[in-house]
Amino acid sequence: MAVREQNRKKKILIGDDTNALTWLIILNSLFFAGILSVKVIFYLTAGIENTNTAGIDSWVALPVDGYQLLTRPWTLITYMFAHNSIWYLISSLLWLWCFGYILQDLAGNNKLFPIYLYGGFFGGLSFIITANLIPSIHANAAAIYIMGAGTPVMAIAVATTALSPKFRILPMLNGGIPLWVLTLVFAAIDLGTIGLSHSGTVAISHIVAGATGFFFIYQLKHGRDIGKWITDLANWVNDLFNPEKKYTETTHQQLYYKATRIPFEKTHHFSQQKLDEILDKINEQGYHLLTEEEKEFLKKASKENF
Numbered sequence: 006m007a008v009r010e011q012n013r014k015k016k017i018l019i020g021d022d023t024n025a026l027t028w029l030i031i032l033n034s035l036f037f038a039g040i041l042s043v044k045v046i047f048y049l050t051a052g053i054e055n056t057n058t059a060g061i062d063s064w065v066a067l068p069v070d071g072y073q074l075l076t077r078p079w080t081l082i083t084y085m086f087a088h089n090s091i092w093y094l095i096s097s098l099l100w101l102w103c104f105g106y107i108l109q110d111l112a113g114n115n116k117l118f119p120i121y122l123y124g125g126f127f128g129g130l131s132f133i134i135t136a137n138l139i140p141s142i143h144a145n146a147a148a149i150y151i152m153g154a155g156t157p158v159m160a161i162a163v164a165t166t167a168l169s170p171k172f173r174i175l176p177m178l179n180g181g182i183p184l185w186v187l188t189l190v191f192a193a194i195d196l197g198t199i200g201l202s203h204s205g206t207v208a209i210s211h212i213v214a215g216a217t218g219f220f221f222i223y224q225l226k227h228g229r230d231i232g233k234w235i236t237d238l239a240n241w242v243n244d245l246f247n248p249e250k251k252y253t254e255t256t257h258q259q260l261y262y263k264a265t266r267i268p269f270e271k272t273h274h275f276s277q278q279k280l281d282e283i284l285d286k287i288n289e290q291g292y293h294l295l296t297e298e299e300k301e302f303l304k305k306a307s308k309e310n311f
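Here my numbering is used: the first residue of the sequence shown is 6, the next is one more, and so on.
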């Protein structure tokens with residue numbers, strides 16, 4: 006798949022109900038609002054001490070402990086949308102918007118969700134595996150978990166850069182800044198902020214997520230869209246709950262392709278008034294005084310039986 010650096014597709018509006026970037030931001034924000042609301046309810050009803058020990062985050066965060074993961078398998082998906090800090094949420098969404106907007110512009114709207122989910126899934130698996138291989142972490146596995154969009158956002162950042170590393174942002178600044186420079190800045194901030202959290206297992210999850218994003222684009226450039234099944238599933242669910250939308254789109258396509266007229270077909274417009282004027286001229290002056298244009302008009306009119 007060839008990619009032209011500054012090629013522009015039709016922009017998808019922010020408020021469009023099919024805008025994957027907008028939906029990712031909404032989902033992350035709703036998860037945060039929901040978790041915060043539950044914590045506030047616990048605080049008002051049971052006190053702050055019980056709030057800290059209620060384990061609210063553990064229901065959506067990805068645990069290291071194998072037993073907890075088996076009893077809460079959904080956390081392998083929910084952890085990548087859940088945040089326990091407003092600043093972590095804001096920073097994640099800003100980077101998501103930055104790289105997601107460019108990826109959406111270059112590769113299309115239907116690549117964001119697959120890369121986000123693939124990166125979060127394999128990054129989460131690597132976190133669980135590496136954490137259980139380290140004895141000091143495995144001993145305290147019940148209290149260790151990971152949450153936040155940092156892992157899948159790293160996948161989107163690397164995928165966007167792999168797709169078009171020479172793409173330039175802020176072109177008004179001396180020709181623009183190459184995308185790979187922005188990615189290096191993001192990676193440095195991200196990995197530097199994580200540090201040696203849980204002996205580096207969180208950093209490893211982000212690195213694996215980045216590798217997943219690179220692999221996705223590598224496959225895409227070779228004509229293999231490994232995220233197509235996710236897009237097809239999302240479209241199937243959307244059609245299931247919006248049958249009238251599917252019907253409207255199908256009808257529109259049928260009306261278009263059933264058109265019998267050839268696009269841009271040249272047609273001739275004959276005027277009865279003009280024809281009468283030419284016939285009067287023949288009666289008064291003779292056929293030999295007609296112009297070439299008038300003779301051509303008569304010839305075409307006769308063929309059309311006008």
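The beta carbon of each residue, even a glycine, is placed where N, CA and C say it ideally should be.
Since the structure is predicted, the reported quantities are computational estimates derived from the model, not experimental observations.
List the whole-angstrom C-beta distance separating A214 from M159, where the pair is believed to meet the contact cut-off of C-beta under 8 Å. 5 Å
Give me, in chain order, the residues of the same chain whose beta-carbon lies closer than 8 Å to that of E297; leave out the 5 immediate sequence neighbours on both sides. Same-chain partners within the cutoff: there are none.
Hey, could you find the ends of the alpha helix (DSSP H) V158 is sitting in? 155–168
Bridge partner(s) assigned by DSSP for I151: Looking at the DSSP assignment, I151 forms a beta bridge with L67.
Quick check: what's the CA-CA separation for W79 versus A148? 18 Å
Is A154 near F86, with beta carbons less than 8 Å apart? Less than 8 Å separates the beta-carbon of A154 from that of F86.
Whole-angstrom distance between L49 and P157, CA atom to CA atom: 34 Å
Whole runs of the alpha helix (DSSP H) within the stretch 169–221, excluding any shorter than 4 residues: 184–199
With a cut-off of 8 Å, do at least 3 Cβ pairs link the stretch 81–97 to the stretch 168–182? Contact fails: fewer than three Cβ-Cβ distances are below 8 Å.
Meets three-Cβ-pair contact criterion under 8 Å: the stretch 22–33 and the stretch 106–116: yes
Beta-carbon spacing of I133, L74 below 8 Å: yes
Taking all protein chains shown into account, do 16 or more other C-beta atoms lie within 10 angstroms of the C-beta of W234, making it buried, or fewer, making it exposed? By the neighbour-count criterion, in which 16 or more other beta carbons inside 10 Å mark a residue as buried, W234 falls on the exposed side.
Should Q224 be counted as a contact of the ligand SAH given a C-beta to heavy atom distance under 7 Å? As far as ligands go, the structure on display features none, and thus does not contain the ligand SAH.
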